[in-house]
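Numbering (the working numbering), first residue to last: 170 to 904.
In structure tokens, the structure reads:
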């Protein structure tokens, strides 16, 4: 804060110093012009010199009159080889050293050739009397008005005190602080107006005295304005009007020191130096300028080093209360702030010795630009940092229709704002370099390199924005279709869900690839070799991974043929289970034992899908051969009719059963069959229910299942081959 106030104070002095400094060198310029005019008059007065001048001018005009021109000087050939980084650094260093030497020589010539005036004691003290009288009247009037309005300050202080202690309106405290500042400015304007009125009538009828009085009033206005800014920040006498949490001791300390520095710079450079230059001589003014700037630099350096640790501690405390982005910057600034501040005053000191008129103007203009750039950058970065921490909440209806849209928005927006914050920091850095003439930003924009960099950066940002928006819209549309329930109550089919999931994955890969390729082309990389290399690499991978390519191609055809979808029950490679996952190269099956199987598409030669339209239960029942066929068919029909009446099963039946009668005839039994069409995957439920009913109905009707008969031969008995007659056991003796 003190360093910023010092730089702000110096920026306020720039206008007045720029107006006052030419007066210090006006006499020197006038003397040079007078010498030139005298020399020209001497030439024109002498006949021979005048004739020689006319002849010389006509000889110089002959080539232009004849239409001939002197051969143009051949420009040196441009170097084909670019300079290295070390060469550029050396050339830059030599350029700045040569400029410093030139400035020193110019300063020496200015001091040596400056006009020499004899000091007029009577004129000096005559002007000093009016000058001191102006100072006395101005300060007396200023403090008198401040004393009269002091009760108003106290009232504003009580109002601000009430705003701190009570739950008042948010604008009450800022309004009291701003009102006190406006009163300060009003007092200053009233004093300056009265001072100008005084100088118009009390100036000894001397233009020189009136000019010196105006110099003082200009310096007084600027310095008191800066002191009003100090009182706005520190409020040493009214702590309730203090906008920052500072103690009374700290506020008085910095208010006094900075006010003293502002008085030294303002009255020294804007009043004392110009008066010495006009009343005494230019050489004495240069010495006074050196002494004033040296005293200012030494005092500022001592003040900075004396408070280095305290301000470092204040930076750390401020960093702890700030956001993470500003915390890093503040902690780094706390370590080097004193180096920057001392360097600033050292540069100001040296430049002021080389150029009285332009150095302070340059420093103050650069300082003012720097403060404005840093302020705007801090405000914009602060807003971006606050927006980064915020999260967008979409309505419940939108979240229901687009489940992942809110999550995507809250992941993309912070990333985009961080990119913008980096660009703001970069812009602030380049603007600061341009303000101090280290880097010519406007000229760089006009160069081919600058146009390419800015254009490429804008194109990259637009490409990223377009890619993110496109992906968000397309992915949201796909997820809208993949939602379990839509507003109309319709649900996408399993095939549609599978294809949309695969399409979303492919779309993400395609958008990322195209975006990266375009961004690489925008930064100057030739992507043609990259594309050719990617094609060759893809061809090599294809030869080395034929199975993988076969998996992908087979999977594509299976999907287009609607062979299976996620959630369906299939049999592949002898494995039966539910399809849980489908990728571009394999499927994941979960069998009835809970085992998870991964089957590549290329391994699928036969695919059995149990969920296509309907299922069929082919019921076969074998009974004893002695049973009556018609009775068996009648009992089977009763069992099927009972099945059709079952509330838990009849919803799974499609159409009427088909009785095929006897389909097999054996030695001990015959088999009857009935075909029942069911919904997909319901045939097993129908099987369990029908088998139960058939068993119950057959048992009630006395229909028995076939029994296996077995012939048993004893030793000595047989079929006649062993001399026995052989005997066959009765059916009741069957084993």
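Just so it is clear, CB atoms sit at the ideal spot from N, CA and C, and this is done for glycine as well. These numbers come from a predicted model, not from an experiment.
### Query
Would you call residue 532 buried or exposed, if buried means 16 or more other Cβ atoms sit within 10 Å of its Cβ?
buried
Short check: CB of residue 790 to CB of residue 855, under 7 Å?
no
At which residue ranges does the region 779-824 contain complete beta strand (DSSP E) runs of 3 or more residues, listed in the order of the chain? 783-793
_So, with DSSP's three-state summary, where would you put residue 844?_
strand
Would you call residue 353 buried or exposed, if buried means 16 or more other Cβ atoms sit within 10 Å of its Cβ? buried
- Task: Report buried or exposed for residue 366, applying the criterion of at least 16 other Cβ atoms within 10 angstroms of its Cβ.
- Result: exposed
**Item:** Three or more C-beta pairs below 8 Å linking the region 590-606 and the region 543-560
**Value:** yes
Going by the DSSP bridge assignment, what does residue 598 pair with across the sheet? BP columns for residue 598 are empty, so no partner.
Q | Simplified DSSP assignment, three categories, for residue 415 | A | coil
| query | From residue 419 to residue 390, what distance separates their C-alpha atoms? | reply | 26 Å
For residue 505, which of 374, 480, 303 has the nearest alpha-carbon?
480
**Asked** Within 10 angstroms of its Cβ, does residue 423 collect 16 or more other Cβ (buried), or is it exposed?
**Response** buried
Rounded to the nearest angstrom, what separates residue 393 and residue 539 at their Cα positions? 23 Å
Same chain, Cβ closer than 7 Å to residue 491, neighbours up to 5 away in sequence not counted = 499
Review point. Cα-Cα, which of 350, 382, 615, 373 is closest to residue 361?
Key: 382
* To do: Give a yes or no on whether the C-beta atoms belonging to residue 355 and residue 307 are separated by under 7 Å.
  => no
key: Top-ranked residue by Cα proximity to residue 397, from 436, 351, 370, 435   = 351
*CB-CB length for residue 466 against residue 518, believed under 8 Å*: 4 Å
Checklist entry - Where does residue 407 sit, in a helix, a strand or coil, going by DSSP? => result coil
Subject >> Cβ-based burial, residue 672 [other Cβ within 10 Å; buried from 16] >> reply: exposed
Cβ distance (whole Å) where residue 433 is taken to contact residue 455 below 8 Å: Actually they are not in contact, since the Cβ atoms of residue 433 and residue 455 sit about 18 Å apart, beyond 8 Å.
Would you mind sorting residue 720 into buried or exposed? The rule is 16 or more other CB atoms within 10 Å of its CB.
buried
Check: In chain order, which continuous runs of the beta strand (DSSP E) of length 3 or greater are located wholly inside the region 424-448?
Finding: none
Practice task
Report yes if the CB atom of residue 926 is closer than 7 Å to the CB atom of residue 738, and no otherwise.
Solution key: The requested residue 926 is not part of the displayed model; the chain covers only 170 to 904.
Candidates 611, 395, 603, 729: closest to residue 535 by CA position: 603
**Message:** Need the endpoints of the alpha helix (DSSP H) that residue 500 sits in, please.
**Reply:** 493-523
Tell me whether residue 371 sits in a helix, a strand or coil according to DSSP, three-state version. coil
task: Would you kindly check if the distance between the Cβ of residue 842 and the Cβ of residue 783 is under 7 Å?
output: no
Residues in its own chain within less than 7 Å of residue 867 by CB, not counting five upstream and five downstream?
-> 804
On the three-state DSSP scale, how would you describe residue 839?
strand
>> Taking DSSP's pairing of strands, which residues face residue 740 in a bridge?
In response: 745, 777
Exercise. Taking C-beta to C-beta, are residue 762 and residue 723 nearer than 7 Å?
Worked result: no
Exposure label - residue 627; buried when at least 16 CB within 10 Å:
exposed
Handout entry: Under the three-state DSSP convention, the category residue 356 falls into
Key = helix
- Task: Pick out whichever of 767, 439, 513, 746 has its Cα sitting closest to the Cα of residue 777.
- Result: 746
- prompt: How many angstroms separate the CA atom of residue 590 from the CA atom of residue 575?
  reply: 23 Å
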